[in-house]
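Heads up, the sequence shown is in this note's numbering, so the first residue is 22 and it goes up one at a time.
Each residue gets a CB set at the ideal place from its N, CA and C atoms; glycine is no exception.
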Amino acid sequence: KFPYSRPHFLQFHTDEEILVSADHHIRPIIVPRDISKLPWNSGYAEAVNAGKSVWNEDQACLRRVMLERPESRDRSMRGVRRNFETLLSTSEQLNSATCLPYVYFSLFDGHAGVGAAVAAANQLHHILHEKLVDVIDHLLPPLEGYIQLEASAKSGAAYFIPEKEVTNEALIIGALESAFWDMDQLIGEDKQKYKVKGGCTALVALFILGKLFIANAGDSRAVLCKNRHAIPLSNDFTPETERQRVRQLASLQPELLGGEFTHLDYNRRPNQRDLGKRILYRDAHMTGWAYKTVTPEDLKIPVVYGEGKRSRVLATIGVTRGFGDHDLKALNANIAIICAEVIYVFQVQILDIQEERIKDSDVLIMGTDGLWDVTSNDKAVEIVQRSLDHFPANDKSRLKYRYTSAAQDLVMHSRGKLYEKNWKTADSKPATIDDISVFVIPLAPYKEEYMEWKQEYE
C-alpha cells in the first residue's frame, strides 16, 4: 500500500540515499538536511541496525497542523491537514478564533517486517486529525454570534450534548484512543489486500491546548529532561513488565493458548523428570510464590517465556502493545495471537506545559528501544545537557543546531563504534545492534507559541 521510505523530513529523494542509510557495516547517523523543516528546530537522528533486518524498521513522522471549525467554510470539508511547512506563515492563521494549532511527533518501531510501521507513519496522523475535528466545538468555546448547540439540536443537527462533565483532556485522550484503535484495525484490513508485513510499536507526542499528551504502545520511550533531571513520561510495555497482565488474560481466555501454553509461572520450567514432584509456581492472581505438585499440564510452555529482554509472549513476540500483529502465529504452533486482546491496550500521560516553569534546556526525548537498550534515562539526560551546553544562547549562528546535535549524541552513545566484528560503546560495553531513532524536542518554543495564541484568542 505504501512504498518503503525514510521519514519525509529527512528529504531523501532517491533510492540510492535510502540504500546508503541502510549500510549495516557503517551504520551512518542520519539527520535532516534542513532542520527548519522540524518545528522549533527540534532534533532528530537515526541509525540502522547491525544486520538483523535488511531495512531500518523504525519510522518517524511529524506534523504541524491547524484544526479548523467546520463552520468556518463548507461543512462538507471537516477540517484539513495543511502543509506543516507553510501552516503558520501568517499571524492571522495562528490567531484565528476558528482554528486550533497542534503539533504531532511519532515513532514506530517495526518487527517482523517494515509494513505496519510504514503504514502507521503514513496514516495515524490523518486518523487522529479526523478525531480531533469531531470534538473541536468542545475544545474551543462558541464564537460570538455562533449558533448554540441547543438551537442546532432543535433544527435537527446531530450534536451530542453530554450529561456528564467532559474535560478537554478527556476528549483529546479519547481522540488518541480511538485513533490508535482505528489504526490497528486498518492495518488488519490492509493485510487482507496488500503485503503489510509485521507489526510495530507506537509512541506519539501531541502538543495541543498548552499540554503535552504522550501515547505509548510498546517499548519505545518518552523522557522529560527538566532541570537536568529525567522524568519518565511513558512506561515500557514488554512481556517482562506485563507478565502478570498477560497471564491474567490467558487465564480468563484460555482459548487464546490453543492447548499449547499455560498461564502459570514457575521459578524454573518443569520437565518430565519433575512429574509428581513439588515446584514453586504462581497463578495469574498471585504476585508471590507457592508450591504445587507437577502434572502433565505443567509441562506446557508458559504464556510469557524467558526473562528480561529475551522474554516473549507465546515464545514469539517481544512487545505486548502495538499495531498490526493480527496474523502472528506462535512459534512451532498454529496459534494466532489475538492482538486486539493482548496488544491493543496503550497508555496516555499528560504534562501541563502552560503551568510549568519551562527553561530553554527543558526538552522531551523520544526514542525507540534501540536507544534505551543501552542508554538509561539519567544517562540520556546527561548526554543531552552536555550537548546543549556546547551551544550557548549568545551564539546565534550555531544555536539552531543544538537539538540536532543532542539527538546525534544520543544515537552515537547507543550505537557505539565497530571494533573488529562487534559494536561497542565508549566504555567498551556491548552497544545496541537494533535500529535507533531519536527526537529531542524543546518545550519552551511551544509554550511561547501557545501563550501567544491563547492571548489573541481570548
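Please confirm if the region 131-138 is in contact with the region 77-84, defined as three or more CB-CB distances below 8 Å between the two stretches. Output reads yes: the region 77-84 touches the region 131-138.
Determine contact between the region 383-391 and the region 225-244, defined as no fewer than three beta-carbon pairs at a distance below 8 Å. Contact holds: three or more Cβ-Cβ distances are below 8 Å.
Specify the secondary structure class of H434 as computed by DSSP and reduced to three states. As a first step, residue 434 is located in the sequence shown; it is residue number 413 there, counting from the start. Helix at H434.
Identify every residue that forms a DSSP beta bridge with N443. Mapped onto the sequence shown, residue 443 falls at position 422. Answer is Y440.
Look at the Cβ atom of K298, then the Cβ atom of V324, and state whether they are nearer than 9 Å. Here residue 298 refers to the residue found at position 277 when the sequence shown is read from its first residue. Here residue 324 refers to the residue found at position 303 when the sequence shown is read from its first residue. Contact flag unset, no.
G231 to L372, Cα distance in whole Å? Mapped onto the sequence shown, residue 231 falls at position 210. Mapped onto the sequence shown, residue 372 falls at position 351. Looking at the backbone, the Cα of G231 and that of L372 are separated by about 9 Å.
Report the CB separation of D430 from D390 in whole angstroms; it is logged as a contact under 8 Å. Along the sequence shown, one-based indexing puts residue 430 at 409. Along the sequence shown, one-based indexing puts residue 390 at 369. Going by Cβ atoms, the distance from D430 to D390 rounds to 18 Å, so no, they are not a contact pair.
Tell me where the beta strand (DSSP E) around L385 begins and ends. Counted from its first residue, the sequence shown places residue 385 at position 364. Secondary structure note for L385: its beta strand (DSSP E) is the uninterrupted segment V384 to G388.
Identify the continuous beta strand (DSSP E) that holds F460 and give its terminal residues. Looking up residue 460 in the sequence shown gives position 439. Secondary structure note for F460: its beta strand (DSSP E) is the uninterrupted segment I457 to P463.
Starting from the C-beta of Q476, find all residues in its chain whose C-beta is less than 7 Å away, skip the five residues before and the five after it, and write them out in chain order. If you number the sequence shown from 1, residue 476 lands on position 455. So no residue of the chain qualifies.
Measuring CA to CA, which of C221, I462, E473 and P49 is closest to A138? For this step, residue 138 is matched to residue 117 along the sequence shown. Shortest Cα-Cα distance from A138 to any of C221, I462, E473 and P49 involves C221.
Cβ of P466 within 9 Å of Cβ of P60? As a position in the sequence shown, residue 466 is number 445, starting the count at 1. As a position in the sequence shown, residue 60 is number 39, starting the count at 1. Taking a C-beta distance under 9 Å as the contact criterion, P466 and P60 qualify as a contact pair.
Backbone CA spacing between A223 and P49 [nearest angstrom]: For this step, residue 223 is matched to residue 202 along the sequence shown. For this step, residue 49 is matched to residue 28 along the sequence shown. If I take the Cα positions, the gap works out to 24 Å.
Going by Cα to Cα distance, which pick from L31, P162 and G64 is closest to K421? Within the sequence shown, the letter at position 400 stands for residue 421. From the listed residues L31, P162 and G64, the smallest Cα separation to K421 is found for G64.
Beta strand (DSSP E) containing Q368: first to last residue? For this step, residue 368 is matched to residue 347 along the sequence shown. Q368 to D373 is the span of the beta strand (DSSP E), which, as asked, contains Q368.
Spatial neighbours of S26 in its chain, beta-carbon cut-off 8 Å, leaving aside the 5 residues before and after: Taking the sequence shown and counting its residues from 1, one reaches residue 26 at position 5. Non-local C-beta neighbours of S26 in its own chain, meaning closer than 8 Å and more than five positions away in sequence, comprise F33, I39 and V139, ordered along the chain.
Assign L464 to buried or exposed, taking buried as 16 or more other Cβ atoms, counted over all protein chains shown, within 10 Å of its Cβ. On the sequence shown, residue 464 is found 443 positions in, with the first residue counted as 1. When all chains shown are included, L464 counts as buried.
Simplified DSSP state of P91, which is helix, strand or coil: Here the question's residue 91 lines up with position 70 in the sequence shown. Assigned with DSSP and collapsed to three states, P91 falls in helix.
Which residue's Cα is closest to the Cα of A71: M472, A191 and K442? Along the sequence shown, read from residue 1 onward, the residue named residue 71 stands at position 50. Minimum Cα distance to A71 is reached at K442.
Rounding to the nearest angstrom, what Cα-Cα distance links Y326 and Y287 in this structure? What you label residue 326 is simply residue 305 of the sequence shown in a count that begins at 1. What you label residue 287 is simply residue 266 of the sequence shown in a count that begins at 1. Going from the Cα of Y326 to the Cα of Y287 covers about 10 Å.
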